[in-house]
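Engineer:
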Amino acid sequence: MAHDKQNRDAILKRLSRLNGQVQGVSRMVQDGRYCVDILNQTAAIRSALRGVERLLIEDHARSCMEDAIQSGDQDRQRVMFREVVELMEKVRD
């Protein structure tokens with residue numbers, strides 16, 4: 001699957017930032033920080049992860065789904081459509 005370089009770079013940058021946030025939360029727990037402060041950070045992590053998911057879905061639509069549509073293969077198109085519906089349900093939860 002060919003990923004858009006700009007999206008890939010943005011995804012990697014966000015994942016790197018998320019990694020730092022998770023490590024920060026781990027230190028907060030180890031240091032016995034106030035629960036509400038930790039929960040605020042975990043909420044920020046969830047929000048950032050949703051941003052990564054949006055970029056990945058966008059990338060999937062622009063590359064994989066577009067390829068399936070252009071191929072004219074209806075079975076492949078149905079598979080891609082079902083995958084996106086399932087992904088949207090998972091992301092929504």
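Following the UniProt record's numbering, the numbering of the sequence shown begins with 1 at its first residue and continues without gaps.
Yeah, the Cβ is synthetic: ideal placement off N, Cα and C, and Gly gets one too.
1) Can at least three beta-carbon pairs, one atom from the stretch 10-22 and one from the stretch 43-62, be found at a separation below 8 Å?
2) Kindly list the residues whose CB is nearer than 8 Å to the CB of Arg14, restricted to its own chain and excluding five residues on each side of it in sequence; keep chain order.
3) Using C-beta distances below 8 Å, list every residue in its chain close to Val36, excluding the 5 sequence neighbours before and after it, in chain order.
4) Is the distance from the Cβ of Met88 to the Cβ of Met65 below 8 Å?
5) Assuming the contact rule is C-beta atoms closer than 8 Å, Val25 and Ile38 should be a hit. Round their C-beta distance to whole Å, please.
6) Within 10 angstroms of its Cβ, does Ala43 collect 16 or more other Cβ (buried), or is it exposed?
Structural biologist: With the given structure in hand:
1) yes
2) Ala48, Gly51, Val52 and Leu55
3) none
4) no
5) 6 Å
6) exposed
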